[in-house]
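Structure, as structure tokens:
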Amino acid sequence: MSRVTIPLGPQHPALKEPANFSITVAGEKILSTSSRLGYNHRGMEKACEERTYIQDMYLLERICGICSHSHSTAFVQTVEEIAGLDVPRRALYIRTLIGELERIHSHLLWLGVAGHEIGFDTLLMYSWRDREVVMDLLALLCGNRVNYGINTIGGVRRDITAEQIAGALRDMDILEERTRYYIDIATSEPSFIARLAGVGYISREDAVRLQAVGPTGRGSNVAIDIRATDPYAAYGEVDFKVITDSHCDVYGRAVVRLLELMESYRIVRQVLKEMPDGPVTVKAPRKIPAGEAVSRVEAPRGEDVHYVKGNGSDKPERVRVRASTMANIQAVNKMMENNNLADVPIIIAAIDPCFSCTDRCVRVIGGKREDLGWRDLRRHGISWYRKHWGIDFGELNRKLHSLRGER
Amino acid sequence: MKIPGKMAKEVLRHSLKPPATLNYPYVKPEMPDNFRGKIVFDPVRCIGCRMCVKDCPALAIEIAAVGDKKFEARFYLDRCIYCAQCVDSCPKDALLNTKEYELAQIDRQNHRITFHAHADGVVVDPAP
Amino acid sequence: MAQSLFNIIVFPGFLFLCLAGVCAEYFDRIFHARMQNRKGPPWFQPVADFIKLSAKEDIIPEEADSFMFRAMPVVAVAATVTSFLYIPLWGSQALFSFEGDVIVVLYLLTIPTMTFFLAGWYSTSLYASVGAVRTITQLFAYEVPLFMAVLAPALLADSWSLSGIAAYYRAHPLYWVFNLPGLAVSLVILLGKLEKVPFDIPEAETEIVGGVFTEYAGRYLAFFRMTIDIEMVVASSLVAAVFLPFGLGFGSVVGFILYLLKVTAVIAAICLLRTIFARLRIDQMVDFCWKYIAPAALLQLLVNIVLKGVLSQ
Ligand code: SF4
Ligand code: SF4
Chain W
1 MSRVTIPLGP
11 QHPALKEPAN
21 FSITVAGEKI
31 LSTSSRLGYN
41 HRGMEKACEE
51 RTYIQDMYLL
61 ERICGICSHS
71 HSTAFVQTVE
81 EIAGLDVPRR
91 ALYIRTLIGE
101 LERIHSHLLW
111 LGVAGHEIGF
121 DTLLMYSWRD
131 REVVMDLLAL
141 LCGNRVNYGI
151 NTIGGVRRDI
161 TAEQIAGALR
171 DMDILEERTR
181 YYIDIATSEP
191 SFIARLAGVG
201 YISREDAVRL
211 QAVGPTGRGS
221 NVAIDIRATD
231 PYAAYGEVDF
241 KVITDSHCDV
251 YGRAVVRLLE
261 LMESYRIVRQ
271 VLKEMPDGPV
281 TVKAPRKIPA
291 GEAVSRVEAP
301 RGEDVHYVKG
311 NGSDKPERVR
321 VRASTMANIQ
331 AVNKMMENNN
341 LADVPIIIAA
351 IDPCFSCTDR
361 CVRVIGGKRE
371 DLGWRDLRRH
381 GISWYRKHWG
391 IDFGELNRKL
401 HSLRGER
Chain P
1001 MKIPGKMAKE
1011 VLRHSLKPPA
1021 TLNYPYVKPE
1031 MPDNFRGKIV
1041 FDPVRCIGCR
1051 MCVKDCPALA
1061 IEIAAVGDKK
1071 FEARFYLDRC
1081 IYCAQCVDSC
1091 PKDALLNTKE
1101 YELAQIDRQN
1111 HRITFHAHAD
1121 GVVVDPAP
Chain S
2001 MAQSLFNIIV
2011 FPGFLFLCLA
2021 GVCAEYFDRI
2031 FHARMQNRKG
2041 PPWFQPVADF
2051 IKLSAKEDII
2061 PEEADSFMFR
2071 AMPVVAVAAT
2081 VTSFLYIPLW
2091 GSQALFSFEG
2101 DVIVVLYLLT
2111 IPTMTFFLAG
2121 WYSTSLYASV
2131 GAVRTITQLF
2141 AYEVPLFMAV
2151 LAPALLADSW
2161 SLSGIAAYYR
2171 AHPLYWVFNL
2181 PGLAVSLVIL
2191 LGKLEKVPFD
2201 IPEAETEIVG
2211 GVFTEYAGRY
2221 LAFFRMTIDI
2231 EMVVASSLVA
2241 AVFLPFGLGF
2251 GSVVGFILYL
2261 LKVTAVIAAI
2271 CLLRTIFARL
2281 RIDQMVDFCW
2291 KYIAPAALLQ
2301 LLVNIVLKGV
2311 LSQ
């Protein structure tokens, strides 16, 4: 059978975000793949430099809708480190609590998405229905279902009451029972297993070499979990297992996520029961001293790294983010080797991708590699658009400024 | 143990139960008390310090002085990201969250609202 | 003449089938939704979908073969409706019948699948071509077991006409119980014929967008959707006529109600099956058909051959 190259994305029903995979197949067998990102670059890192630390917190929280708490935690941790703030223990416990609730909702969401990608819509409907429990709990604790906005520099914005703790414990029981049921399904429904087992294989060596993080790595037996290897917030004080699996395929990743859910319930219970008393914030200065810091957080999708450099003003000098999909995306092309066209969606979904978090603006202009400063890049952009599209940014800029009521 | 059609029991049991979905917009979910919905402004309390304006990540608030120690707030709800940082920043509790979440508008102009100070309470107008 | 025309066009022909198809789609969707703990569509949704699609622009891709592209939906509807006329609904007499019509009906039911293939092939788009190849691969996998399963009861009845089969089982009540394995086989195969999960491989949305129907829009797509609805009714009627031939002698009113119940039960069974499985891959589907479905159908055939010998003594 002849070779054809099938484009998957940037618009495709299996992808919720824009990315492009070119898949060369002979019949149904994949011969080679290549991926392309960059459809949704949002320039957030640069935007951070023009906003205050407080404003950045909300901007960075919106890098990802699902791991929003992880991003904001990573950011406030760096800022707290630079400013030398001593965050109260109760605040750390609340951060841990929200972080785990976020993981629960993200993993349940993933289970549904995985079900949908393999045509098992019933699983999607059920797991998303049960996910509502944790979403409502998050809304109750933080004030919204997504973008919780619980972190602030020097602590958390909202305290948790005794009633809320009781309610949360009840919700954990419901979720635990449901998760047991899903584990039961995942280990005994043959059509589900048939679609996942042996698909998207990546050996432990390759996973390490290609820097797979989070459940993607742990599904290939790479026992790295920032919560355990480099504890932050209150993770040093709670007891939990790092889940790994040696299937090395999509099934392994599914098992890791399902068992991690059970661990998360344990962590949440411990955190709720041992919540220390005390204040939830310390006063943070508006101007953060000069200095730099890196912080790592285990987002539901894997390790999330933030770097911040302060210059003594109320705005950071540089912010750098590495979301977990950025680390995992390299492994996807490897995983697709020797699989079928039908497996492509579930292989992509198995890293739980989040392309907007990942998109970078890297461009080699001209034949040789040259480093462009921000100013040159900007000038290049303006002249490129004027030349190719006849767009004059001067006019647009003025309009934008008047619209925003620029100060 | 592989059991084909493992979910059969569960789905059949549910087929007789009422659906889990809400019949929105006829049935509206109730949001918790500290929900971060639409922000309201109380002109009587405002002292015009403009902390809210400074901290708002979305440039969604403007505070204007109208007369002696009287202020009115204009909100651009189309830009607001409902983070409620302004509520936290305000030293006088002049800004408050409400539980209102149905905020979609067809005309963007309807999102621009001004809270006027008035002798008998607050009057909310579409912004000019 | 006028009577036959009425039968073909109105009842139990085209218009009745359209109505039945709409009801079947609604039932399938609401039952599916309820099993998933959802609310499901309102009762008029299938009609609303049809009207909406018909009102949309018909887009024919430049690269596609315009004649084939437009002809296929019509051929598909025509073939399905025609096959319905040979199936006895209540009582044991179909509208038309002749010795050998069982084969004709099975062939006519293959035509929609063939039109899906041709429609996908002549759309010439990548996704549609992949879908087309999958359609035909799947057809080869389930067609033989389906023939064997349906011919087994015919063998026992010693008649190659559906009406003849019905008459035989009317004369020998309870003999249909022997055909239960065949019923199970044909229910599974119906999932493939109607392209439903776990065999919705040719139009796997998350893999190949819309499969063979990727390029279809407007009226043509509406026609294809109608074909699938009608096919659901026709195929369920066929299964009901061949495998559930009980209670045929109670006159037309009771017979008609019984017929509706049987068809509903078949559709409910299909719907249940499509709710509780994940979609298989095409190679797994072919394996499954040859490993489990074909031997089961063969077994049914052997059992019936032996039974025939035993019973005729
Ligand atoms: S809620 Fe947030 S975005 Fe909205 S006005 Fe207040 S600070 Fe600004
Ligand atoms: S922070 Fe409060 S008091 Fe200050 S200007 Fe804003 S609303 Fe008024």
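Residue numbers (this note's numbering), protein chains in the order written: chain W, 1 to 407; chain P, 1001 to 1128; chain S, 2001 to 2313.
By construction, the Cβ of each residue, glycine as well, lies at the ideal position given by its N, Cα and C atoms.
Determine, using beta carbons only, whether residue i comes closer than 8 Å to chain S.
{"i": "P:P1128", "result": "In this prediction, P:P1128 scores a pLDDT of 47, lower than 50, which makes its location untrustworthy; no coordinate-derived value is stated."}
{"i": "P:K1028", "result": "no"}
{"i": "P:M1001", "result": "no"}
{"i": "W:D136", "result": "no"}
{"i": "W:T122", "result": "yes"}
{"i": "W:G119", "result": "yes"}
If you compare alpha carbons, which of the options is closest to residue i?
{"i": "P:H1111", "options": "P:R1074, P:M1031 and P:L1016", "result": "P:R1074"}
{"i": "S:A2079", "options": "S:V2253, S:G2309, S:T2227 and S:P2202", "result": "S:T2227"}
{"i": "S:S2097", "options": "S:S2163, S:E2062, S:R2225 and S:A2119", "result": "S:S2163"}
{"i": "W:I23", "options": "W:L259, W:S106, W:L59 and W:N339", "result": "W:N339"}
{"i": "W:V146", "options": "P:P1091, P:G1037, P:R1013 and P:E1010", "result": "P:G1037"}
{"i": "W:K241", "options": "W:L124, W:L169 and W:I224", "result": "W:I224"}
{"i": "W:I6", "options": "W:L109, W:G27, W:P18 and W:C248", "result": "W:G27"}
{"i": "W:K309", "options": "W:P18, W:E49 and W:T325", "result": "W:E49"}
{"i": "W:A349", "options": "W:R180, W:L111 and W:A293", "result": "W:L111"}
{"i": "W:A91", "options": "W:G154, W:G43 and W:A254", "result": "W:G154"}
{"i": "W:D249", "options": "W:S203, W:P279 and W:S383", "result": "W:S203"}
Can you tell me whether residue i is helix, strand or coil according to DSSP?
{"i": "W:S32", "result": "strand"}
{"i": "S:F2044", "result": "coil"}
{"i": "W:L317", "result": "With the sequence shown as reference, residue 317 of chain W is identified as Glu, and Leu is not the correct amino acid for it. Reduced to three states, the DSSP call for W:E317 is strand."}
{"i": "W:P7", "result": "strand"}
{"i": "P:L1103", "result": "coil"}
{"i": "S:T2137", "result": "helix"}
{"i": "S:F2067", "result": "helix"}
{"i": "W:V280", "result": "coil"}
{"i": "S:L2183", "result": "helix"}
{"i": "W:V308", "result": "strand"}
{"i": "S:T2275", "result": "helix"}
{"i": "W:S295", "result": "strand"}
{"i": "W:K391", "result": "For clarity, residue 391 of chain W is Ile in the given sequence; the question names Lys instead. If DSSP states are grouped into helix, strand and coil, W:I391 belongs with coil."}
{"i": "W:S22", "result": "strand"}
{"i": "P:P1128", "result": "Its pLDDT being 47, under 50, P:P1128 is placed unreliably by the model, and nothing is read from it."}
{"i": "W:N338", "result": "coil"}
Checking contacts by CB at 8 Å: is residue i closer than that to chain W?
{"i": "P:F1075", "result": "no"}
{"i": "P:P1004", "result": "yes"}
{"i": "P:M1051", "result": "no"}
{"i": "S:V2197", "result": "yes"}
{"i": "P:A1064", "result": "no"}
{"i": "S:A2204", "result": "yes"}
{"i": "P:I1081", "result": "yes"}
{"i": "S:D2200", "result": "yes"}
According to DSSP, which residues form a beta bridge with residue i?
{"i": "P:E1062", "result": "P:R1074"}
{"i": "P:L1095", "result": "P:F1041"}
{"i": "W:V156", "result": "W:N151"}
Does any heavy atom of ligand 4 sit closer than 7 Å to the C-beta of residue i?
{"i": "P:C1056", "result": "Ligands present in the displayed structure are limited to ligand 1 and ligand 2, and ligand 4 is not among them."}
Are any of the Cβ atoms in chain P nearer than 8 Å to that of residue i?
{"i": "S:T2275", "result": "yes"}
{"i": "S:K2039", "result": "yes"}
{"i": "S:R2279", "result": "no"}
{"i": "W:R170", "result": "no"}
{"i": "W:Y385", "result": "no"}
Inset, instruction - Kindly confirm or deny that the segment 2047-2056 of chain S and the segment 2221-2228 of chain S touch, where touching means at least three C-beta pairs closer than 8 Å. - result: yes
Inset, instruction - Would you be able to state if there are at least three C-beta pairs under 8 Å between the segment 1020-1034 of chain P and the segment 1058-1075 of chain P? - result: no
Inset, instruction - Spell out a yes or no on whether the segment 2029-2039 of chain S and the segment 1006-1019 of chain P are touching, meaning 3 or more CB-CB pairs, one atom from each, closer than 8 Å. - result: yes
Inset, instruction - Flag this pair as touching only if the segment 1093-1106 of chain P and the segment 75-88 of chain W have three or more C-beta atom pairs under 8 Å; answer yes or no. - result: no
Inset, instruction - Evaluate the contact criterion for the segment 2166-2182 of chain S versus the segment 2227-2247 of chain S: three or more CB pairs, one atom per stretch, below 8 Å. - result: yes
Inset, instruction - Would you check if the segment 2068-2076 of chain S and the segment 2119-2139 of chain S touch, i.e. whether three or more CB-CB distances between them fall below 8 Å? - result: yes
Legend entry - Stretch pair the segment 2130-2148 of chain S + the segment 2290-2300 of chain S: three plus CB contacts closer than 8 Å: yes
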